[in-house]
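Chains as they are written, first to last, in our numbering: chain A, -5 to 279; chain B, 9 to 187; chain C, 9 to 187.
Even for Gly, the Cβ is constructed at its ideal location relative to N, Cα and C.
Quantities reported herein were computed from a predicted structural model and do not represent experimental measurements.
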């Protein structure tokens, strides 16, 4: 088989681009023991530091100083599988992609043993092309990430000025003329009849606000102790009575005839203000 | 030392307290005399910047003499009022003094607090008192700035809407003197 | 005039472009000669302040001679980016606009939602549209805040990676025109 030629220019040899890529042919066995040495207990850490099988593969290739454009697939596959076996032996969990990659490597190895169809272009036929492409892409990303990391970063290498405050600025007058206001008013007047104002007229005597205020005050004065809101409501309270009672309570509080007392349990109770302090309660509010 | 203090204030999103400054500067030989410098900064500022005392410490502020140019950068171009805001303003102008529930009645929809705030920020409306009914609702009126903006001498100068006066009065009577 | 320029820069949360400054200053007699002042500021700064060109505009930053004391104030610096996050950001920065499956293709592993969220939370990436292919995947690009954080004038300022262009083109071609 003729040596396969990578169609792109520029060698990929990290981490030291200055070192010329070592010739792999005939040096496989020599490189292997060094590449495979794993300090005890370090495998887990090692595998964790990889984002996936592609990165492990790229690391193996660099460690063996192999040429990404001419991967000795048999050797890389052997080393890759050794790592996988070692991980399995130590009961480390490996994602399914690791096994998928192993299968892919095996497939490439098999296809490389098949004779090349004479008519086909060498480049298209090399079964390693797609793998090399993906490794190249990952290597590119890694170099780009490293380049980003060297850029000066805010809060690490420099500090920007945080915007200083300034006194309130005058607002731009809105674009509105008197005619706009007049037209708006006219439009409102020309609208179809509005519903009556949302005000409840309490005609029913026992629903009257004044009545409820008096009842409430008497209720609270009858026994000078703090009352809960529930206790001061009339029996069988409906929505409207509840609303009127609340309004009455608020009005009495405002006039300081009743007072709110903290019950020290996160709630409050109502008590009549001592008669000595009593102010004339205006029921005609 | 003044420069280091300025650098600290310029880079900080929050006001810096004397305690914070002390924890940074006290054991730092480069920062000797920082307290005197802080007092100087407080007294005379530095260039366009003033050091002001706010809750939680000190913070830099741009001298108000630059407000005119800052306004050109930060103040948005004038925009027309929204329909809702315009209607609210019209009700207050023609019906004042008026409560918020009354405005809502005229407009037929709730008036958002945002609209009232917007008109207040413009200085066109204000609270002139409270109606002595339960809840004591605020009574809204227009301001002299409102008159000024629309070149009106007085509220009497508001254009009369033909046919509307009666409707308005009817409404007023109906609402204010419930029989 | 220098003071007015400084006030503008000091009050602005974003870099100001020459066009913005021109629209504020050009018709303002108080601002005569602002361009010369801008150039002076760019060249020599002012006190602790340096004017730098970033993200298509100019922004003030604090002279690095004060970095030591600033580091003492800003002890809660953001955590350094993880390798996975930095790689994802690199793919987006260099290959934008790019879809998530494309990012995964470049890196050879799945990109977690958490990483994308983290980059969005920092305000460095955003969706700029959708690729008109089945599923309409979101197209990710970097923001001007990204440029600001990494002190870049524009995307053209990203460090050049030898060999990346060819690899990228091959990738693009292969992915976008599946035969």
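For residue i, three-class secondary structure by DSSP
{"i": "residue 70 of chain B", "result": "strand"}
{"i": "residue 79 of chain A", "result": "helix"}
{"i": "residue 19 of chain B", "result": "helix"}
{"i": "residue 223 of chain A", "result": "helix"}
{"i": "residue 146 of chain B", "result": "strand"}
{"i": "residue 59 of chain A", "result": "coil"}
{"i": "residue 159 of chain A", "result": "strand"}
{"i": "residue 134 of chain C", "result": "strand"}
{"i": "residue 252 of chain A", "result": "strand"}
{"i": "residue 216 of chain A", "result": "helix"}
{"i": "residue 161 of chain C", "result": "coil"}
{"i": "residue 31 of chain C", "result": "helix"}
{"i": "residue 63 of chain B", "result": "coil"}
{"i": "residue 25 of chain B", "result": "coil"}
{"i": "residue 47 of chain A", "result": "helix"}
{"i": "residue 191 of chain B", "result": "In the structure as shown, chain B starts at 9 and stops at 187, and residue 191 of chain B therefore has no counterpart that could be examined."}
{"i": "residue 90 of chain C", "result": "coil"}
{"i": "residue 87 of chain A", "result": "coil"}
{"i": "residue 262 of chain A", "result": "strand"}
Through-space distance from residue j to residue i, alpha-carbon basis
{"i": "residue 67 of chain A", "j": "residue 106 of chain A", "result": "9 Å"}
{"i": "residue 9 of chain C", "j": "residue 101 of chain C", "result": "38 Å"}
{"i": "residue 29 of chain A", "j": "residue 75 of chain C", "result": "The predicted position of residue 29 of chain A is uncertain, since its pLDDT is 49 and thus under 50; a value taken from the coordinates is nonetheless stated next. Approximately 42 Å between the Cα atoms of the pair."}
{"i": "residue 175 of chain A", "j": "residue 34 of chain C", "result": "36 Å"}
{"i": "residue 239 of chain A", "j": "residue 178 of chain A", "result": "40 Å"}
{"i": "residue 233 of chain A", "j": "residue 110 of chain B", "result": "24 Å"}
{"i": "residue 98 of chain C", "j": "residue 157 of chain B", "result": "55 Å"}
{"i": "residue 32 of chain C", "j": "residue 22 of chain C", "result": "15 Å"}
{"i": "residue 146 of chain A", "j": "residue 152 of chain A", "result": "7 Å"}
{"i": "residue 114 of chain C", "j": "residue 94 of chain B", "result": "55 Å"}
{"i": "residue 155 of chain A", "j": "residue 61 of chain B", "result": "19 Å"}
{"i": "residue 147 of chain C", "j": "residue 164 of chain C", "result": "19 Å"}
{"i": "residue 136 of chain C", "j": "residue 125 of chain C", "result": "16 Å"}
{"i": "residue 106 of chain B", "j": "residue 138 of chain B", "result": "10 Å"}
{"i": "residue 84 of chain C", "j": "residue 24 of chain B", "result": "15 Å"}
{"i": "residue 50 of chain C", "j": "residue 36 of chain C", "result": "22 Å"}
{"i": "residue 78 of chain A", "j": "residue 112 of chain C", "result": "23 Å"}
{"i": "residue 253 of chain A", "j": "residue 247 of chain A", "result": "6 Å"}
{"i": "residue 80 of chain B", "j": "residue 162 of chain A", "result": "13 Å"}
{"i": "residue 73 of chain C", "j": "residue 54 of chain A", "result": "43 Å"}
{"i": "residue 41 of chain C", "j": "residue 41 of chain B", "result": "38 Å"}
Closest by C-alpha distance to residue i, when choosing among the options
{"i": "residue 30 of chain C", "options": "C:57, C:43, C:23, C:151", "result": "C:43"}
{"i": "residue 8 of chain C", "options": "C:149, C:20, C:105, C:106", "result": "Given that chain C is displayed from residue 9 to residue 187, the structure contains no residue 8 of chain C and the question cannot be resolved."}
{"i": "residue 99 of chain A", "options": "A:76, A:136, A:125, A:120", "result": "A:125"}
{"i": "residue 37 of chain A", "options": "A:87, A:56, A:65", "result": "A:87"}
{"i": "residue 159 of chain A", "options": "B:133, B:162, B:78", "result": "B:78"}
{"i": "residue 155 of chain B", "options": "A:127, A:123, A:170", "result": "A:170"}
{"i": "residue 27 of chain C", "options": "C:65, C:104, C:90, C:36", "result": "C:65"}
{"i": "residue 168 of chain A", "options": "B:72, B:149, B:132, B:41", "result": "B:132"}
{"i": "residue 141 of chain B", "options": "A:203, A:164, A:57", "result": "A:203"}
{"i": "residue 132 of chain A", "options": "C:50, C:41, C:91", "result": "C:91"}
{"i": "residue 258 of chain A", "options": "A:235, A:45, A:89, A:220", "result": "A:220"}
{"i": "residue 103 of chain B", "options": "A:215, A:182, A:166", "result": "A:182"}
{"i": "residue 173 of chain A", "options": "B:121, B:71, B:89, B:63", "result": "B:89"}
{"i": "residue 63 of chain A", "options": "A:255, A:121, A:149, A:217", "result": "A:121"}
{"i": "residue 152 of chain B", "options": "B:143, B:128, B:48", "result": "B:128"}
Buried versus exposed, by CB contacts within 10 Å (16 or more), residue i
{"i": "residue 130 of chain B", "result": "buried"}
{"i": "residue 168 of chain C", "result": "exposed"}
{"i": "residue 123 of chain C", "result": "buried"}
{"i": "residue 134 of chain A", "result": "buried"}
{"i": "residue 116 of chain C", "result": "buried"}
{"i": "residue 61 of chain A", "result": "buried"}
{"i": "residue 251 of chain A", "result": "buried"}
{"i": "residue 245 of chain A", "result": "buried"}
{"i": "residue 38 of chain C", "result": "exposed"}
{"i": "residue 144 of chain A", "result": "exposed"}
{"i": "residue 323 of chain A", "result": "Nothing in the structure corresponds to residue 323 of chain A, since chain A is present only between -5 and 279."}
{"i": "residue 58 of chain A", "result": "buried"}
{"i": "residue 242 of chain A", "result": "buried"}
{"i": "residue 139 of chain A", "result": "buried"}
Cβ-heavy atom distance, residue i to the ligand NAP, below 8 Å
{"i": "residue 46 of chain C", "result": "Here there are no bound small molecules, and the ligand NAP is not part of this structure."}
Amino acids of chain E, ordered along the chain, whose beta-carbon sits closer than 7 Å to that of residue i
{"i": "residue 86 of chain C", "result": "Protein chains in the displayed structure are A, B and C, and chain E is not among them."}
Pair every Cβ in the segment 257 to 269 of chain A with every Cβ in the segment 204 to 222 of chain A, then say whether three or more of these pairs are closer than 8 Å. Yes, since at least three Cβ pairs between the segment 257 to 269 of chain A and the segment 204 to 222 of chain A fall closer than 8 Å, the two stretches touch.
Contact between the segment 90 to 105 of chain A and the segment 44 to 53 of chain A is defined here as three or more beta-carbon pairs at a separation below 8 Å; is this criterion met? The segment 44 to 53 of chain A and the segment 90 to 105 of chain A touch, with three or more beta-carbon pairs separated by less than 8 Å.
For the pair the segment 49 to 57 of chain C and the segment 11 to 18 of chain B, tell me if three or more CB-CB distances fall below 8 Å. Contact holds: three or more Cβ-Cβ distances are below 8 Å.
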